[in-house]
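> Numbering (our numbering), first residue to last: 1 to 151. Every residue, glycine too, gets a C-beta built ideally from N, C-alpha and C. As the structure is a prediction and not an experimental result, all values here were calculated from the model. Let me begin by handing over the structure; questions about it come next.
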Amino acid sequence: MKKLSIVYHTQSKSTEKLANYIYEGCLKENSVETHLLLAAEADSSTLLSSNGVIFGTPENFGYMSGGLKDFFDRTFYKVEEKNINIPYCTFVSAGNDGTGAVTSIERIVKGYPLIKVAEPLIIFGKQVNSNKKKCVDFGHGMAAGLALGIY
Ligand SMILES: Cc1cc2nc3c(=O)[nH]c(=O)nc-3n(C[C@H](O)[C@H](O)[C@H](O)COP(=O)(O)O)c2cc1C
């Protein structure tokens, strides 16, 4: 069975809501085992044992959150030497932008290296509930791609 991990950080819980919706979408794919993890709970073994990963973060000061950055700081050397090349995608909860968070993640994960397989999903703060379907579909798409061996 393929393993998919969702690794996210949240401060005021908007990103967590998105993460839960995305998780719901991933669970539609029975042949993929999906794990939902706060970035603080995840470590290098999370990446080394996964066939795919979804990163989630609020945008803070035009960058990913410190919590997700800490995850990358803790895992980079341990993962880089294994050359894992697994697929990933990103979702961002932002007040009004989100592109800085996306760019910062994409730049860092190139070094792991991970392979981007979907365009990032950016949802603006107050529009979480109205975008539930988009989030569910985003998670389902990632899980289905893994299940079908597309990535
Ligand atoms: C310290 C701080 C910095 C922020 N910087 C940005 C920013 O640069 N761009 C943006 O679009 N939103 C920014 N925001 C708004 C958050 O990204 C937005 O409220 C997000 O939904 C918070 O997600 P969370 O509830 O999961 O923490 C910032 C919020 C905080 C607290």
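With a threshold of 8 Å, are at least 3 pairs of Cβ atoms found where one atom belongs to the region 37-47 and the other to the region 62-74?
Cβ pair count under 8 Å is three or more, so yes.
> Less than 8 Å between the CB atoms is what I'm expecting for Ile86 and Leu114, so what's the real figure, rounded?
About 6 Å; that satisfies the 8 Å criterion.
> Under 7 Å from any heavy atom of ligand 1, does the C-beta of Gly125 make it?
It does: the Cβ of Gly125 is within 7 Å (strictly closer) of some heavy atom of ligand 1.
> Excluding sequence positions up to five away, which residues of its chain have a Cβ less than 6 Å from the Cβ of Glu119?
Here the set comprises nothing.
> Can Phe138 and Ile22 be called in contact, C-beta distance under 8 Å?
Yes, Cβ-Cβ distance for Phe138 and Ile22 is below 8 Å.
> Of the residues Asn51, Ser12, Asn30 and Ser31, which one's Cα is nearest the Cα of Ile156?
Outside the displayed span of the chain (1 to 151) sits residue 156, for which this structure offers no information.
> Is the separation between the beta-carbon of Phe91 and that of Gly56 shorter than 8 Å?
Their beta carbons are under 8 Å apart, which means Phe91 touches Gly56 by this criterion.
> Going by DSSP in three states, Val109 sits in which element: helix, strand or coil?
Here Val109 sits in helix by DSSP.
> Whose C-beta lies closer than 7 Å to the C-beta of Phe72 among residues of the same chain, with five residues either side of it excluded?
If we look at Phe72 and ignore the five residues flanking it on each side, its Cβ neighbours are Ile108.
> Skipping 5 residues on each side, what residues in its chain have a beta carbon closer than 6 Å to that of Ser14?
Around Ser14: Ser93, Gly125 and Val128.
> Identify the residues that DSSP records as bridge partners of Met142: which are they?
BP columns for Met142 are empty, so no partner.
> Kindly provide the ranges of any beta strand (DSSP E) runs that are 3 or more residues long and lie completely inside the region 76-125, ordered along the chain.
The qualifying runs are 86-94, 114-116 and 121-124.
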